[in-house]
Amino acid sequence: MNFIKFFSSSFILLFFLACGGEKAPASLFEIELDGGGNKFQQNQTVGISIKNKKNKTIDDVTYTLEGEELNVENGKIVLDATTLGDKTINATVKYEDQSVEVSKAIKVLAGKAPEIYTYTIINEFPHDNKAYTQGLEFYKDTLYESTGKKGRSSLRKVNWETGEPYQIVELEDTYFGEGITVLNDKIYMLTWRSGTGFTYDLGLKRLDSFKYGQSKEGWGLTNDGKKLFKSDGTEKIWFLNPQTLVEEGSIETVTNKSINDSANELEFVNGKIYANVYQKPSVMIIDANSGAIEGVINFSGLSSKVTHHSTWSDTDNVLNGIAYHPTRKTFFVTGKEWDKMFEVTIEKK
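Structure representation (structure tokens):
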């Protein structure tokens, strides 16, 4: 018994000696940034240094951000991240014939505050007040609309002047319909929490289904003519390959103060993503490359122009649905179970 105790104690001692011969990188070095915080703006110049906790002899330090080496001049770096949001600065520290890596999590915010926009109503059109609008998009002068709620979800072609549907296909009752987009004569449609999307031809015949990747929910959908953009109720907007429906990247939606997680229905126009703000009477204008929220359109007051039915809820029957008409160069906006759709122009306030 004593031999067993001795053997066990010796084994544990040898184990800790073997594993503890080298200190963990974080116990040796730490990245320090001026101000001590973790929020910085894009292209901000920041002082950077390595805290040498054990007074090791440092031979060289290399910093990287998004896989690109950062140039250090007079102890300062420029945070020239191409995309915004949660980032990691990595440092490779060479010391005493050894090399370790340490990292620091930061948030890279937009360089300036969003500009405020307002709207002018050009026309008012009827809209189906039973349509719980989740997606809205023009394609070759035809308005396509998707609606939500289980048992009521549908995909439609709509006469935008009369509000009457040309054609409706219903989703199975298990699905809660979400955003749509049309690319190369194919309609892509999301569902909310089923982890499943569908594709249709222009005759609304279902072609196939697809599964989500890291984006667990389906919210809004749009495209830039080459790839799809998908919101999922988080700070991310995902890039999807339209052939494989695989998520191939993402951006985060960011202002000069914080990371935003409320992008809902989407529309792509001239390099910008117009995104309904979830449960708010406003639309964000997002740079599709960086994620910077460059503008906010204030649609306050628009819901007062529609009929508030007996089951109306200010938190449910909200603005949701924005479609750009490329020929008329105007936007069409509506909401969940609204009886009107509005043609508007957008201008800075």
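In mature numbering (1 follows the signal peptide of the UniProt record, and there is no 0), the protein residues as written are -20 to -1, 1 to 329. Where is the CB? At the ideal position from N, CA and C, for every residue including glycine.
{"Query": "Assuming contact is defined by CB atoms lying nearer than 8 Å, are HIS289 and GLU317 in contact in what I supplied?", "Result": "yes"}
{"Query": "By the DSSP assignment, the beta strand (DSSP E) with PRO5 in it spans what residues?", "Result": "Element bounds for PRO5: not the beta strand (DSSP E) but the alpha helix (DSSP H), 5 to 8."}
{"Query": "If we ignore side chains and look at the alpha-carbon of each, how far apart do GLY1 and ALA85 end up?", "Result": "Unreliable positioning characterises GLY1 in this predicted model, as indicated by a pLDDT of 45, which lies under 50. A coordinate reading is not provided."}
{"Query": "Distance check for LYS320 and LYS329, CA to CA, integer angstroms please.", "Result": "24 Å"}
{"Query": "Report the partner residues of TYR146 according to the DSSP bridge assignment.", "Result": "Its beta-bridge partners do not exist; DSSP assigns none."}
{"Query": "Since TYR254 sits in a beta bridge, which residues does DSSP pair it with?", "Result": "GLU247 and ILE265"}
{"Query": "Roughly how many angstroms lie between the CA atoms of ASN297 and GLY315, to the nearest whole one?", "Result": "7 Å"}
{"Query": "Along the chain, which unbroken stretches of the beta strand (DSSP E) at least 3 residues long are found entirely within the stretch 120 to 180?", "Result": "122 to 127, 134 to 138, 145 to 150, 157 to 163 and 166 to 171"}
{"Query": "Report all residues from its chain with a CB closer than 8 Å to the CB of PHE156; omit the five preceding and five following residues, and keep chain order.", "Result": "GLY128, LYS129, LYS130, SER133, THR171, TRP172, ARG173 and SER174"}
{"Query": "Could you round the C-beta distance between VAL162 and TYR192 to whole angstroms and report it? I think they count as a contact, below 8 Å.", "Result": "Wrong, their Cβ atoms sit about 19 Å apart, outside the cutoff."}
{"Query": "What is the rounded straight-line gap between the Cα of VAL138 and the Cα of THR122?", "Result": "7 Å"}
{"Query": "Just list the beta strand (DSSP E) runs in the stretch 181 to 236, keeping only unbroken ones of 3 residues or longer that don't cross its boundaries, in chain order.", "Result": "186 to 191, 201 to 203, 208 to 211, 216 to 220 and 227 to 234"}
{"Query": "Below 8 Å, how does it come out for the stretch 56 to 71 and the stretch 27 to 38: are there three or more Cβ pairs, yes or no?", "Result": "yes"}
{"Query": "Could you name the residues of the same chain whose beta carbon sits closer than 7 Å to that of VAL324, not counting the 5 residues immediately before and after it, in chain order?", "Result": "TYR99, THR100, ILE101, ILE102, THR310, PHE311 and VAL313"}
{"Query": "For chain C, find out if any of its Cβ atoms is closer than 8 Å to the Cβ of GLY315; answer yes or no.", "Result": "Protein chain content of the structure displayed is limited to a single chain, and chain C is not contained in it."}
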